[in-house]
Structures are given as structure tokens and as C-alpha cells.
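*Asks:* The following block contains the structure, expressed as C-alpha cells.
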Amino acid sequence: MRKSIAIFGGSFDPPGLHHHRIVEELATSFDQVIVVPCGPRPDKVTTVDPVHRAAMVDATFRGMKNVEVELFDLENATFTRTHELEERFREQGDIWHVIGTEWVYGGSQGKSAIELFWETP
């Protein structure tokens, strides 16, 4: 049976207790949780510089069982889209993407954020 992997991407600007609790819950349901703080987004300005954000994300999730922090975007000042994360991790197991409700709100009217920013490979 393939490993189940939850990919939890976000700005984490800054990471909060709610992010920690979400990852705790995910870790009870998935074999692995990969936390991916995004780099510069075309639609959102960040308030904390990448070095400090990386340190805060690492401190928030360090030591959690079955949790890995992927700092690629912050270290390379890039923004990795969801389908690119899928490609990067798919060989490791079955991928599940964790998203916030703001991405799907309004979907029944075709007005969700995920539909507005949808990009296919």
C-alpha cells in the first residue's frame, strides 16, 4: 500500500497556533505531512521576510511526528504551484492537498479563488 501524504502549503506569514493544530490533526490521518511555506506569490504581499518566515515555520513544526518542512520556495525566492508540488512528491505516495476554505468559498457560483487562479500544466 502506498504512503498517504498531505501537502499543506500556505504563506504562514506568520505561522499561528491554528496552523500547528491543523498539522497535528493531519499527522494523525496521514503517513506524512509536508508543510510548504510559499515564496513570493503573484497575488499576495508577505509581511515577514523569507529568512524569518523560514525560521518561524521551522520552529512551529520542528519535532512533530511524521511532519517535514519543505523550504524550497523560501530558499529560492520562488512560488511553486500546486501541480508542481504534485509532480515533485507523487512518486513518494498518494498526494492529498490541504487548502483553506477561502480557496473554495463561492465555488457553487464559479467564483472561488481556486477557480480564479487555476493553472494546468
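Under our numbering, read the sequence shown as residues 56 to 176, first letter to last. Just so it is clear, CB atoms sit at the ideal spot from N, CA and C, and this is done for glycine as well.
1. Would you say P95 and F134 are within 9 Å of each other, going by their C-beta atoms?
2. Which residues in the same chain have their Cβ closer than 6 Å to the Cβ of F85, if we skip the five residues on either side of it in sequence?
3. Pick from P69, L140 and G161: whose alpha carbon is nearest that of H107?
4. Of all the options L72, A110, D128 and S66, which has the alpha carbon lying nearest to the alpha carbon of K99?
5. Which residue or residues does DSSP assign as beta-bridge partners of D149?
6. Can you find the residues in the same chain that come closer than 7 Å, C-beta to C-beta, to F144, ignoring five residues on each side of it along the sequence?
7. Taking the alpha carbon of A132 as the reference point, which residue from R117, L140 and A109 has its own alpha carbon closest?
8. Can you tell me whether E125 is helix, strand or coil according to DSSP?
9. Any idea what DSSP makes of V91, helix, strand or coil?
10. From the beta carbon of E139, is the nearest beta carbon of chain D less than 9 Å away?
11. Given a cut-off of 9 Å on the beta-carbon distance, is the pair V91 and L140 in contact?
*Replies:* By the coordinates alone:
1. yes
2. S59 and A61
3. P69
4. Checking every option, the nearest Cα to that of K99 belongs to S66.
5. S59
6. I60, I62, I89 and I150
7. A109
8. coil
9. strand
10. Included in the structure is just one protein chain, with no chain D present.
11. yes
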